[in-house]
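A.B. asks: A single structure is presented below for examination.
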Amino acid sequence: MEFRIEKNSPVPVIKQIQEQIKLSIAMGALKRGDILPSIREVEKQTGVNRGRVHRAYLALHRSGLLAPAPGKRIAVAISAAASDSVNEQCLGLTRNTLRRARGIGVSPIAFARYLSQYAREEERRAPFIAYVDSDKEIACRRAEQVSGMWHASVIGLTIDECKRALAHGGGIRKVLVNHLTFDSVRRARWGSEIDVIPIEIVYTAQTIRVLSKIRASTLLVLLPRPALASARFIVEHLRKWMKGEERKIAWMDVHKVTDFPSLLKGACYDRVLVSPGALNQVPVGLRRSPRLVPLQMELDPEALEIARIRAGVLV
Numbered sequence: 001m002e003f004r005i006e007k008n009s010p011v012p013v014i015k016q017i018q019e020q021i022k023l024s025i026a027m028g029a030l031k032r033g034d035i036l037p038s039i040r041e042v043e044k045q046t047g048v049n050r051g052r053v054h055r056a057y058l059a060l061h062r063s064g065l066l067a068p069a070p071g072k073r074i075a076v077a078i079s080a081a082a083s084d085s086v087n088e089q090c091l092g093l094t095r096n097t098l099r100r101a102r103g104i105g106v107s108p109i110a111f112a113r114y115l116s117q118y119a120r121e122e123e124r125r126a127p128f129i130a131y132v133d134s135d136k137e138i139a140c141r142r143a144e145q146v147s148g149m150w151h152a153s154v155i156g157l158t159i160d161e162c163k164r165a166l167a168h169g170g171g172i173r174k175v176l177v178n179h180l181t182f183d184s185v186r187r188a189r190w191g192s193e194i195d196v197i198p199i200e201i202v203y204t205a206q207t208i209r210v211l212s213k214i215r216a217s218t219l220l221v222l223l224p225r226p227a228l229a230s231a232r233f234i235v236e237h238l239r240k241w242m243k244g245e246e247r248k249i250a251w252m253d254v255h256k257v258t259d260f261p262s263l264l265k266g267a268c269y270d271r272v273l274v275s276p277g278a279l280n281q282v283p284v285g286l287r288r289s290p291r292l293v294p295l296q297m298e299l300d301p302e303a304l305e306i307a308r309i310r311a312g313v314l315v
């Protein structure tokens with residue numbers, strides 16, 4: 001890979017190096033396992049101090065895009081979900097478009113600004129990316145978070161809403177889901193053009209503190225239906241944060257609970273843990289019960305960065 005550094009650019013050289021690598025991954029020019037030039041080679045090629053090159057590589061390593069390789073080298077850790085021809089197609093389209101812009105007397109930079117503004121308006125009208133969850137509130141909240149971090153238009157939809165949008169010719173091509181429901185969502189018939197991308201979700205620091213203080217011996221985890229396939233994984237992950245003796249942890253589809261007051265007052269379970277996608281099924285008046293523990297989760301920053309590259313979003 002050859003880096004092109006603009007010395008007079010207002011963009012710091014570290015960010016220039018990072019963005020060129022991200023673009024190459026997103027466009028399919030770099031794939032998983034490809035070896036990048038060494039820090040010394042980049043310094044020699046660009047004149048950029050090796051300390052800055054190291055910082056650029058280190059940040060991408062921390063975000064999960066790069067990984068150590070044999071011989072003290074650095075390699076690409078992921079591949080974008082794009083065909084090998086995407087890079088060539090984009091390059092050809094760009095050249096042809098800029099040639100036509102020049103032909104009508106518009107400078108390439110001015111046209112790029114116009115195109116960027118038009119593309120944002122078009123994507124707001126017909127979103128390219130959707131965050132899908134069984135719970136509408138969670139889907140919208142996650143979509144808003146991703147939109148803010150990616151500076152891109154992301155719509156929040158339930159699985160059924162997404163299917164209807166696609167059936168009516170919607171522009172959605174990238175479907176983001178949390179990693180616990182990835183398998184169940186992927187099994188839905190989306191069509192070959194739709195790329196379903198998992199994003200890992202993790203417990204918040206507050207939830208981890210609450211879990212570490214639980215001393216109850218019998219617990220029940222209430223889950224939404226799409227998460228049932230990952231129930232064993234969820235339970236084992238919960239055990240990791242609970243200190244002390246072995247506990248009995250059961251799980252249940254929240255939609256099968258017919259009497260929440262009896263469940264919370266009964267002697268079967270000392271604590272009832274409720275996953276985010278199941279909380280809306282719990283009556284509002286019971287959500288502050290001392291025996292009920294809402295589990296709060298957030299998007300993992302590293303997984304989010306990898307998903308951004310797979311989705312073809314460049315920040």
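Numbered per my numbering, the sequence shown spans residues 1 to 315.
In this text, a Cβ means the ideal position worked out from N, Cα and C, and glycines have one as well.
I believe Ile14 touches Arg73 by the beta-carbon criterion, under 8 Å. Please report the beta-carbon distance rounded to the nearest angstrom.
C.D. replies: Not quite, the Cβ-Cβ distance comes to about 20 Å (not below 8 Å), so this is no contact.
A.B. asks: For the beta strand (DSSP E) that Val154 lies in, which residues bound it at each end?
C.D. replies: Val154 to Leu157 is the span of the beta strand (DSSP E), which, as asked, contains Val154.
A.B. asks: When DSSP builds the beta bridges, which residues end up paired with Asn178?
C.D. replies: Asn178 is bridged to Ile199.
A.B. asks: Exposed or buried, Asn178, counting other C-beta atoms within 10 Å across all chains shown (16 or more means buried)?
C.D. replies: So Asn178 counts as buried.
A.B. asks: Using a threshold of 8 Å, state whether the C-beta atoms of Ile138 and Pro283 are closer than that.
C.D. replies: Contact: no.
A.B. asks: Taking C-beta to C-beta, are Ala130 and Val196 nearer than 8 Å?
C.D. replies: No, they are not a contact pair.
A.B. asks: Which of the three DSSP states, helix, strand or coil, is assigned to Tyr114?
C.D. replies: Looking at Tyr114 - three-state DSSP - the assignment turns out to be helix.
A.B. asks: Expressed to the nearest angstrom, what Euclidean distance is found between the alpha-carbon atoms of Met27 and Arg239?
C.D. replies: Cα to Cα, the separation comes out at about 40 Å.
A.B. asks: Over the uninterrupted beta strand (DSSP E) stretch that includes Trp150, give me the two end residues.
C.D. replies: From DSSP, Trp150 is part of no beta strand (DSSP E) but of the alpha helix (DSSP H) over Lys136 to Trp150.
A.B. asks: From this set, Val48, Gly169 and Gln281, which residue's C-alpha is nearest Phe3's C-alpha?
C.D. replies: Out of Val48, Gly169 and Gln281, Val48 has the C-alpha closest to the C-alpha of Phe3.
A.B. asks: Scan the region 249-297 and note each continuous alpha helix (DSSP H) run of 4 residues or more that stays entirely inside, going in chain order.
C.D. replies: With a minimum length of 4 residues, the continuous alpha helix (DSSP H) runs that stay inside the region 249-297 are 260-265.
A.B. asks: Counting beta carbon pairs with one atom in the region 107-114 and one in the region 153-164, are three or more of them shorter than 8 Å?
C.D. replies: In short, these stretches do not touch, since the Cβ pair count stays below three.
A.B. asks: Going along the chain, which residues of its own chain have a beta-carbon closer than 6 Å to the beta-carbon of Pro226, five neighbours each way excluded?
C.D. replies: These residues qualify, in order along the chain: Ser134, Thr181 and Ser184.
A.B. asks: Gly169: which of Val235, Ser217 and Gly191 sits nearest, CA to CA?
C.D. replies: Out of Val235, Ser217 and Gly191, Gly191 has the C-alpha closest to the C-alpha of Gly169.
A.B. asks: When burial is assigned at 16 or more other CB atoms within 10 Å of the CB, is Ala143 buried or exposed?
C.D. replies: Label assigned to Ala143: buried.
A.B. asks: The beta strand (DSSP E) that contains Val235, what's its start and end?
C.D. replies: Per DSSP, Val235 belongs to no beta strand (DSSP E); it is in the alpha helix (DSSP H), Ala231 to Trp241.
A.B. asks: If you count every other CB in all the chains shown that lies within 10 Å of the CB of Leu91, and 16 or more means buried, which is it?
C.D. replies: So Leu91 ends up on the exposed side.
A.B. asks: Can you tell me which of Ala29, Gly51 and Lys31 puts its alpha carbon nearest to the alpha carbon of Ser38?
C.D. replies: Comparing Cα-Cα distances from Ser38 to each of Ala29, Gly51 and Lys31, the minimum goes to Gly51.
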